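>
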Amino acid sequence: MFYRILRSQGFLAHQCKQIYKYALGIARSAKRNNGRKPVLRKLSARVDKYDAKVDLENQAVVVKLRSRVFRIKLLHRKEYIKKFIGRRWYEVIISIDRHGRIWVSIPFRWEYKPYKPRRLIAQDINLRHLVLFDGKRFRKVKTRFIEALSLKAYAENLQKKYPKMWRYSKRILSRIRSLHRHSRNIIVDWPHKYAKYLVLNARRMRAGIVLEDLDKLWISISKRNPILAWRLSRFAYRKLIHAITT
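One rule links them: number in the numbering used here = place in the sequence shown (from 1) + 1.
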């Protein structure tokens, strides 16, 4: 049934299959999380190389959708785009935000050439700071985990201040959601930026990175100190380690 509807709207056969798989994934995710109905948070489309053409020299992306051809201009610095010319790309991800702006994401294939490290960089992960040691010098990097934790605390204090009203007041509910969203965005975004900084410096120095083993940290802490366990709710060490290793 859905295949015929999508075909009548101008989508190609393989595009219908991709749309169906994506919709099925959202529905299954909502069911696993005990949700009442699937929620589509933003409009996005993943277009493969059969329906997209990336022209980095002219800073443009040509996409075929619904029997039409769209040409999207890439608004980025030429010096940045030149680094990707000649590299193979996987797909084109097009999304539209709440303000109607179009965002284009293009993942490229990178070849990693392993090297024998000349030195090691040890890393100690804490809630406020990250301490790096290369055998000669210590360097302390301030994290944004405390900032994310303070935003979460502010949102929870609003819920305690208005225990019955916050669910029905659009103004209070919007403020609480905004604080939680900002806190979550920090946890998602900052580890990737720091991991990029650390890995690029390690490669420049031809050094290896020694990571701290914090597996099952929250489980062991939550049994002894619930207040500290709450503070660790924004201690995204797993995301940080995953960003560094990938």
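Idealized CB from N, CA, C, for every residue including glycine.
Keep in mind that this is a model prediction, so the values were computed, not measured.
1) Can you grab the Cα-Cα spacing for the pair arginine 120 / arginine 47, in whole Å?
2) Taking the CB atoms as reference points, tell me whether isoleucine 122 and isoleucine 210 lie closer together than 8 angstroms.
3) In the DSSP assignment, find the unbroken alpha helix (DSSP H) run with alanine 237 in it and report its ends.
4) Can you check DSSP and say which residues form a bridge with alanine 123?
5) Taking the straight line between their C-alpha atoms, what separation do you get for phenylalanine 12 and glycine 101?
6) Threshold first: 4 residues or longer. Then list the alpha helix (DSSP H) segments lying entirely within the region 14 to 95, N to C.
7) Three or more C-beta pairs closer than 8 angstroms, one from the region 41 to 61 and one from the region 70 to 80: is that the case here?
8) Would you kindly check if the distance between the Cβ of lysine 153 and the Cβ of serine 179 is under 8 angstroms?
9) Under DSSP, the alpha helix (DSSP H) around isoleucine 228 begins and ends at which residues?
10) Determine the burial state of isoleucine 95: buried for a count of at least 16 other Cβ atoms within 10 Å of its Cβ, exposed for fewer.
11) Could you tell me how far apart the beta carbons of alanine 237 and proline 192 are, in whole angstroms, since I believe they sit closer than 8 angstroms?
12) Going straight from the alpha carbon of serine 45 to that of valine 105, what length do you get?
13) Can you tell which of Ser221, Asn226, Phe134, Trp231 has the C-alpha that lies nearest to the C-alpha of leucine 212?
14) For phenylalanine 109, does the three-state DSSP call read helix, strand or coil?
15) In the DSSP assignment, find the beta strand (DSSP E) that holds lysine 141 and state where it starts and stops.
16) Hey, would you say tyrosine 81 sits closer than 8 angstroms to proline 108, going by beta carbons?
17) Mark threonine 247 as exposed unless 16 or more other C-beta atoms lie within 10 angstroms of its C-beta, in which case mark it buried.
18) Which residues in the same chain have their Cβ closer than 6 angstroms to the Cβ of leucine 128, if we skip the five residues on either side of it in sequence?
19) Nearest to isoleucine 126 by alpha carbon, out of Asp98, Lys117, Lys240?
20) Taking the alpha-carbon of glutamine 1 as reference, which of Lys32, Ile27, Asp49, Arg33 has the nearest alpha-carbon?
21) With distances taken Cα to Cα, identify the nearest neighbour of tryptophan 111 among Gly87, Tyr4, Arg232.
22) Whole angstroms is fine: what's the gap from leucine 174's alpha carbon to serine 68's?
23) Looking at the structure shown, is tryptophan 219 part of a helix, part of a strand, or coil, going by DSSP?
24) If you scan the region 139 to 185 from start to end, which runs of the beta strand (DSSP E) of 3 or more residues do you find wholly inside it?
25) For lysine 143 versus histidine 130, is the C-beta distance shorter than 8 angstroms?
Let's see:
1) The alpha-carbon atoms of arginine 120 and arginine 47 are separated by roughly 41 angstroms.
2) It is a contact, given that the beta carbons lie within the stated cut-off.
3) Taken as a continuous stretch (DSSP letters only), alanine 237 belongs to no alpha helix (DSSP H), as it is neither H nor E.
4) For alanine 123, which the question treats as bridged, DSSP gives the partners Phe134, Val211.
5) For phenylalanine 12 and glycine 101, the distance between alpha carbons rounds to 22 angstroms.
6) The qualifying runs are 14 to 33, 79 to 82.
7) For the pair of segments examined, the region 41 to 61 was found to touch the region 70 to 80: the number of CB pairs separated by less than 8 angstroms reaches three.
8) Cβ atoms of serine 179 and lysine 153: not closer than 8 angstroms.
9) For isoleucine 228, the enclosing alpha helix (DSSP H) starts and ends at 227 to 232.
10) Here isoleucine 95 is buried. Its C-beta has 16 or more other C-beta atoms within 10 Å.
11) Between alanine 237 and proline 192, the beta carbon gap of about 6 angstroms places them in contact (Cβ cut-off 8 angstroms).
12) Cα to Cα, serine 45 sits roughly 10 angstroms from valine 105.
13) Minimum Cα-Cα distance from leucine 212 among the listed residues Ser221, Asn226, Phe134, Trp231 corresponds to Phe134.
14) Residue state, collapsed to three classes: strand.
15) Residues 139 to 143.
16) The answer is no: Cβ separation not under 8 angstroms.
17) Burial state of threonine 247 is exposed, judged by a 10 Å Cβ sphere holding fewer than 16 other Cβ atoms.
18) Closer than 6 angstroms at Cβ, skipping near neighbours: Phe146, Phe236.
19) Closest in C-alpha terms to isoleucine 126, from the list Asp98, Lys117, Lys240, comes Lys240.
20) In the structure as shown, the chain begins at 2 and stops at 247. Residue 1 is therefore absent and cannot be evaluated.
21) The shortest C-alpha separation from tryptophan 111 is found at Gly87.
22) Approximately 42 angstroms between the Cα atoms of the pair.
23) Assigned with DSSP and collapsed to three states, tryptophan 219 falls in helix.
24) Complete beta strand (DSSP E) runs here, min 3: 139 to 143.
25) Taking 8 angstroms as the Cβ cut-off, lysine 143 and histidine 130 qualify as a contacting pair.
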